[in-house]
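Remarks on the structure that follows.
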Amino acid sequence: MALVEMIYRFTEVFPEQERYGLTAQLRRAAVSVPSNIAEGAARRSTPDYARFFSIARGSLSELDTQVQIAVRLGYSNTEDEDILGQQVDQVFAKLTALMNALRKRGAAP
652 MALVEMIYRF TEVFPEQERY GLTAQLRRAA VSVPSNIAEG AARRSTPDYA
702 RFFSIARGSL SELDTQVQIA VRLGYSNTED EDILGQQVDQ VFAKLTALMN
752 ALRKRGAAP
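For reference, each letter of the sequence shown is one residue, going 652 to 760 in the working numbering.
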């Protein structure tokens, strides 16, 4: 959830013309990560759980790419990119560890 808050703050300073473009994309991808984890946790089968973790990881990769695009367009600076990148890396590592644990239980997506 911290990453979602960080992305909302990160996008507050984006140009108005990006409201329905990159701003919306970044926020949607950020919200998608914990939402898919929560939805997976509510499923009764381990394969479903693993599949939603995989979707969350995809959203996380999408988010990381969009942050880089925002920096390249001059909407933010590399310091913000580094801070967000570290947070993305931490969440990605946790998701990977959880997916590996599920794989060991025979639930590879």
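Every residue gets a Cβ at the ideal spot worked out from N, C-alpha and C, and that includes glycine. Keep in mind the model is a prediction, meaning the values are calculated, not measured.
Exercise. How about LEU654 and GLN738: are their beta carbons less than 8 angstroms apart?
Worked result: To locate residue 654, count along the sequence shown from 1; it is residue 3. To locate residue 738, count along the sequence shown from 1; it is residue 87. Contact flag set, yes.
For this session: Taking only the alpha-carbon atoms, compute the straight-line gap between LEU735 and ILE658 and give it to the nearest angstrom.
Result: Position 84 of the sequence shown holds residue 735. Position 7 of the sequence shown holds residue 658. Distance between the alpha carbons of LEU735 and ILE658 is about 8 angstroms.
Exercise. Where does the unbroken alpha helix (DSSP H) through GLY736 begin, and where does it stop?
Worked result: The residue you call residue 736 lines up with position 85 of the sequence shown. First-last of the alpha helix (DSSP H) with GLY736: 729-755.
For this session: Determine the contact status of PHE703 and GLU713, defining contact as a CB-CB distance below 8 angstroms.
Result: Numbered from 1 along the sequence shown, position 52 holds the residue referred to as residue 703. Numbered from 1 along the sequence shown, position 62 holds the residue referred to as residue 713. The Cβ-Cβ distance between PHE703 and GLU713 does not fall below 8 angstroms.
For this session: Could you pull out every residue in the same chain whose Cβ sits closer than 7 angstroms to the Cβ of ARG603, ignoring the five residues on either side in sequence?
Result: Residue 603 is absent from the model: the chain starts at 652 and stops at 760.
For this session: Please state whether DSSP places PRO666 in a helix, a strand or coil.
Result: Numbered from 1 along the sequence shown, position 15 holds the residue referred to as residue 666. DSSP places PRO666 in coil when its eight states are reduced to three.
Exercise. Can you name the start and end residues of the alpha helix (DSSP H) that GLY691 belongs to?
Worked result: Counting from 1 along the sequence shown, the entry for residue 691 is found at position 40. Note, GLY691: alpha helix (DSSP H), 673-693.
Problem set entry | Where LEU724 falls: helix, strand or coil (DSSP) | Mapped onto the sequence shown, residue 724 falls at position 73. The answer is coil: DSSP assigns LEU724 none of H, G, I, E or B.
Exercise. So what does DSSP say about MET657, is it helix, strand or coil?
Worked result: Here residue 657 corresponds to residue number 6 of the sequence shown, with the count starting at 1. DSSP places MET657 in helix when its eight states are reduced to three.
Problem set entry | Alpha-carbon spacing of ARG678 relative to ALA752, whole angstroms | Counted from its first residue, the sequence shown places residue 678 at position 27. Counted from its first residue, the sequence shown places residue 752 at position 101. Cα to Cα, the separation comes out at about 29 angstroms.
Exercise. Secondary structure at SER696, three-state DSSP: helix, strand or coil?
Worked result: As a first step, residue 696 must be located in the sequence shown, where it is residue number 45. The answer is coil: DSSP assigns SER696 none of H, G, I, E or B.
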